[in-house]
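Engineer: One structure coming up, written as C-alpha cells, with questions to follow.
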Amino acid sequence: NAGVMQNPRHLVRRRGQEARLRCSPMKGHSHVYWYRQLPEEGLKFMVYLQKENIIDESGMPKERFSAEFPKEGPSILRIQQVVRGDSAAYFCASSLSAGTGGDQPQHFGDGTRLSIL
Amino acid sequence: QKEVEQDPGPLSVPEGAIVSLNCTYSNSAFQYFMWYRQYSRKGPELLMYTYSSGNKEDGRFTAQVDKSSKYISLFIRDSQPSDSATYLCAMKGLGSNYKLTFGKGTLLTVNP
Chain X
565 NAGVMQNPRH
575 LVRRRGQEAR
585 LRCSPMKGHS
595 HVYWYRQLPE
605 EGLKFMVYLQ
615 KENIIDESGM
625 PKERFSAEFP
635 KEGPSILRIQ
645 QVVRGDSAAY
655 FCASSLSAGT
665 GGDQPQHFGD
675 GTRLSIL
Chain P
213 QKEVEQDPGP
223 LSVPEGAIVS
233 LNCTYSNSAF
243 QYFMWYRQYS
253 RKGPELLMYT
263 YSSGNKEDGR
273 FTAQVDKSSK
283 YISLFIRDSQ
293 PSDSATYLCA
303 MKGLGSNYKL
313 TFGKGTLLTV
323 NP
C-alpha cells in the first residue's frame with residue numbers, strides 16, 4: 565500500500581499523559597499536513613511541514629501541541645498533557661508539492677482516533 | 213458566516229437515483245475545489261479536483277463550480293449502495309494554497 569500511513573489507528577490516553585501520532589507520507593511526497601476532525605465538525609487545518617521545516621502552524625493550539633517532520637522517519641504530531649477536549653480524529657495528508665499553482669492534491673491517511681479518559 | 217457551508221443531511225436515496233450534493237462559500241480567494249468521500253472510520257478519499265469555474269466529469273461523477281455564485285456541486289449518476297458515505301467539499305486559495313477549508317460533510321445513504 566503506497567498510501568499515507570498513520571499509526572496508531574486508535575490511541576487511548578489518560579488526562580495529563582502525552583500522545584504521539586505518526587504519519588508516513590505517500591512515496592515521493594515531501595509535504596505533510598495535519599488536520600483535526602472534532603465530532604460534528606469538519607476537518608480543520610493544523611500544520612504544514614516539509615522535511616525538517618515547519619512552514620505554517622497557524623492552526624495549531626499555541627500550547628501543548630507540536631509537530632515535526634525529520635529528515636529520516638515519519639512526521640510526528642505530539643500532544644503533551646492531554647485534556648478531554650483533545651479527543652478527536654487526527655488526519656495526516658501529503659502532497660508532491662504545495663506550490664503557487666498546478667495540480668497538487670492532498671491525499672489523506674485513515675487517521676488516528678484519540679480518546680482521552 | 214462560516215467560510216464553507218454544507219448541508220449535513222442525512223440524504224437517503226434509492227439505488228440508481230441521481231444525487232446532488234452542494235456547498236456554498238464566502239471567500240472569493242478560493243480557486244481550487246475538491247470533493248472527498250469518507251467512509252466510516254476511514255480517511256477522506258479524493259474524488260474530484262477542479263480549478264476555477266466549470267464542469268469536470270469522471271465516470272458517474274460530475275463536479276460543477278460556479279464562482280460567480282460561490283457555489284459548487286457534485287452529481288452522482290446511477291448511484292450505488294457502495295456510494296453510501298460522507299461527502300466533503302474542500303477548497304483552497306492561491307496564496308496559502310496548501311490550506312484546505314472543508315465543509316462539515318453530507319451523509320449519503322443509497323438504499324438497494
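Line order of the protein sequences matches chains X and P. Add 564 to the 1-based position in the first sequence for this note's numbering, that's all there is to it. Add 212 to the 1-based position in the second sequence for this note's numbering, that's all there is to it. Where is the CB? At the ideal position from N, CA and C, for every residue including glycine.
Is the shortest distance between the beta-carbon of residue 618(X) and the beta-carbons of chain P less than 9 Å?
Structural biologist: False, the Cβ-Cβ gap to chain P never drops below 9 Å.
Engineer: What residues match up with residue 599(X) in a beta bridge as DSSP calls it?
Structural biologist: 609(X) and 655(X)
Engineer: When the Cα of residue 241(P) is compared with those of 284(P), 318(P), 306(P) and 319(P), which residue comes out closest?
Structural biologist: 306(P)
Engineer: For chain X, check one thing: does any of its Cβ atoms lie closer than 9 Å to the Cβ of residue 297(P)?
Structural biologist: no
Engineer: Which chain P residues are close to residue 629(X), counting only those with a beta carbon under 8 Å from its beta carbon?
Structural biologist: The premise fails here: residue 629(X) is roughly 17 Å from chain P at the closest Cβ pair, so nothing lies under 8 Å.
Engineer: Anything in chain P within Cβ reach of residue 605(X), meaning under 7 Å, just list it in chain order.
Structural biologist: 316
Engineer: Do the region 622-630 of chain X and the region 601-610 of chain X touch if we need at least three Cβ pairs shorter than 8 Å?
Structural biologist: With the cut-off at 8 Å, the region 622-630 of chain X and the region 601-610 of chain X touch.
Engineer: Does the beta-carbon of residue 568(X) have 16 or more other beta-carbons within 10 angstroms, so that it is buried, or is it exposed?
Structural biologist: buried
Engineer: Round the Cβ separation of residue 220(P) and residue 318(P) to the nearest angstrom and send it over; I've been treating them as touching at under 8 Å.
Structural biologist: 6 Å
Engineer: At a Cβ cut of 9 Å, what residues of the region 667-681 of chain X count as close to chain P, listed as they run along the chain?
Structural biologist: 667, 668, 669, 670, 671, 672, 673, 674, 675 and 677
Engineer: Checking contacts by CB at 9 Å: is residue 595(X) closer than that to chain P?
Structural biologist: yes
Engineer: Name, going along the chain, the residues of the region 233-250 of chain P whose beta-carbon falls closer than 8 Å to a beta-carbon of chain X.
Structural biologist: The residues in question are 246 and 248.
Engineer: Can you give me the Cβ contacts of residue 270(P) inside the same chain, cut-off strictly under 7 Å, excluding the 5 residues immediately before and after it?
Structural biologist: Contacts found: 260.
Engineer: With a threshold of 9 Å between beta-carbons, can residue 608(X) be considered close to chain P, or not?
Structural biologist: yes
Engineer: Roughly how far, in whole angstroms, is the beta-carbon of residue 643(X) from the beta-carbon of residue 582(X), given that I think they are within contact range, below 8 Å?
Structural biologist: Contact holds; Cβ gap of about 7 Å.
Engineer: Taking only beta-carbon positions, decide if residue 261(P) is within less than 9 Å of chain X.
Structural biologist: yes
Engineer: Count the other CB atoms within 10 Å of the CB of residue 673(X); is the residue buried (16 or more) or exposed (fewer)?
Structural biologist: buried
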